[in-house]
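Chains as they are written, first to last, in the working numbering: chain A, 250 to 486; chain B, 250 to 486. A virtual CB, placed ideally from N, CA and C, is assigned to each residue, including glycine.
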DNA sequence: CGACGATTTGAATAGGATCAATGGGAGTGG
DNA sequence: CCACTCCCATTGATCCTATTCAAATCGTCG
């Protein structure tokens, strides 16, 4: 792997507290792969042979049933995915595809499991990572069940803005059709929801969103800390 | 705690591999409490002071936003809940209330965290438990996004039947209004969905469900292993 | 027996989905 | 460089599912 990527990976909460020598061992067994956009990395139902760590680019997790498909998450660097499947020695419940050209560190599942069983700090870090992922998913599920479509979009935009340092404009992390699926709506419905947010100070120019009146948008969105606030990073404590 | 409850708790995956002495220490610090039905144990937003283990009875996890409320899960013995919040030292994202008279083992969060940091086997067991919980939630989220209401009900009934050894009749684990919320629908809608399953061999008598034609129901429900199959228990390996 | 809450049923509405058609870029090939 | 094509996004119209509101029924508990 490129030397310049190492620090970002080393600093992952997943490796916090892990001995340097153990970290080296894990990473030396790993492959660093480049992928073009729209490459399907994981097919749901496959066994989890690698833990994936997204170093650069972006990846979509999605799932299918009975001819339908929906988006489950959009992953951005630097973070790991399908950790739970690797640990459980189980098949993947979600598929994954690259959205943009991406670089991924792929660590063989066997290595993860061995270190997990032998390295206390790694087991602790994994548990913390899983806690975070679990809580993130609880939030998504709450949002899906408790908010109407336009409110979901409004809060999603506020979260995106927050992750961009509350910039007044930013680019959507994926195609609108993907964003729509992520928010459990059709592309048509997303389009109309953007329209509905117009009076609350939201303008759309292709893939870029302008939030002209953050306060007005927040007043409409009524964000809830127990759904919208990002977890305080464990590493920051 | 009552001696007769000890084995069920000891056999929890959460304590698998934990030294007897460590287990004793955890449990000795715990409180075993009885609660009548409809007692709210946890209010979302509260800090997680205890890990709860349901020994007898049943507990509903639910969540609120902006005046709405929905059901997130129905817990049955013997299992732990709010583990992720305890580990993350964070506030609870879900509330909990007893559905029936229940007995709960409450282990102070500090004890869990200390053992988690010091006992490798416990950390491993916790990570496994979290993996399982995470995957369960992924399945629920997939189901909510990918299946229409009546299909959700049909598959839910099949899962309940499976958990009752494929008995042809069984009692719903909660009020219909709660079941409705769990399946993301209104009570009225649930009632109509039950009606829609009638031609597929489902009869309702108050809280008891009769599945007269399991094959017909399955043909309608089109169950998907990646949503409906329970995880293979790790302890069974 | 009476009252309350839960469930069911019915009617009306609303929100989202689907179907269809149009506009708009990005990329391709001439 | 321009025309063409294709796919995505938008817009409009319609349909359908699910929610809401309302009322009746059922069952249970005082």
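Query: Residue environment, residue 384 (chain A), which counts as buried when at least 16 other CB atoms sit within 10 Å; Result: buried
Query: Proximal residues to residue 374 (chain B) (C-beta, below 7 Å), its chain only, five neighbours per side dropped; Result: 262, 263, 264, 265, 266, 267
Query: Minimum C-alpha distance to residue 300 (chain A) - residue among A:420, A:345, A:457, A:479; Result: A:345
Query: Proximal chain B residues relative to residue 375 (chain A), where beta-carbon distance stays under 7 Å; Result: 376
Query: C-beta neighbour in chain B for residue 419 (chain A), strict 9 Å; Result: no
Query: Residues that residue 389 (chain A) bridges to, as DSSP identifies them; Result: According to DSSP, residue 389 (chain A) bridges with nothing at all.
Query: Neighbouring residues, chain A, relative to residue 395 (chain B) (Cβ below 9 Å); Result: 312, 313, 314, 315, 317, 318, 319
Query: Residue 412 (chain B) to residue 423 (chain B) span [Cα, whole Å]; Result: 15 Å
Query: Environment of residue 354 (chain B) [buried if 16+ CB atoms lie within 10 Å]; Result: buried
Query: Buried or exposed by the 16-neighbour rule on C-beta atoms within 10 Å, applied to residue 273 (chain B); Result: exposed
Query: Status (buried if at least 16 other CB within 10 Å, exposed otherwise) for residue 426 (chain A); Result: exposed
Query: Selection from B:466, B:439, B:316, B:292 that minimises the alpha carbon distance to residue 342 (chain B); Result: B:292
Query: Within 9 Å, strictly: CB atoms of residue 315 (chain A) and residue 386 (chain B); Result: no
Query: Own chain, CB closer than 7 Å to residue 351 (chain B), minus 5 neighbours either side, in chain order; Result: 284, 303, 305, 306, 307, 308
Query: Range of the contiguous beta strand (DSSP E) that encloses residue 359 (chain B); Result: From DSSP, residue 359 (chain B) is part of no beta strand (DSSP E) but of the alpha helix (DSSP H) over 358-367.
Query: Assigned exposure category for residue 464 (chain A) - 16 Cβ within 10 Å defines buried; Result: exposed
Query: Check whether residue 406 (chain B) and residue 348 (chain B) have beta carbons under 9 Å apart; Result: no
Query: Segment limits, beta strand (DSSP E) that includes residue 302 (chain B); Result: 299-305
Query: Close Cβ partners of residue 485 (chain B) (< 7 Å) along its chain, the five nearest in sequence each way excluded; Result: With a pLDDT of 43 at residue 485 (chain B), under the threshold of 50, the modelled position of that residue is not reliable, and no figure is offered here.
Query: Continuous beta strand (DSSP E) stretch holding residue 309 (chain B): start and end; Result: 308-314
Query: Nearest neighbour of residue 320 (chain B), chosen from B:436, B:333, B:255 [CA to CA]; Result: B:436
Query: DSSP state of residue 413 (chain B) mapped onto helix, strand, coil; Result: coil
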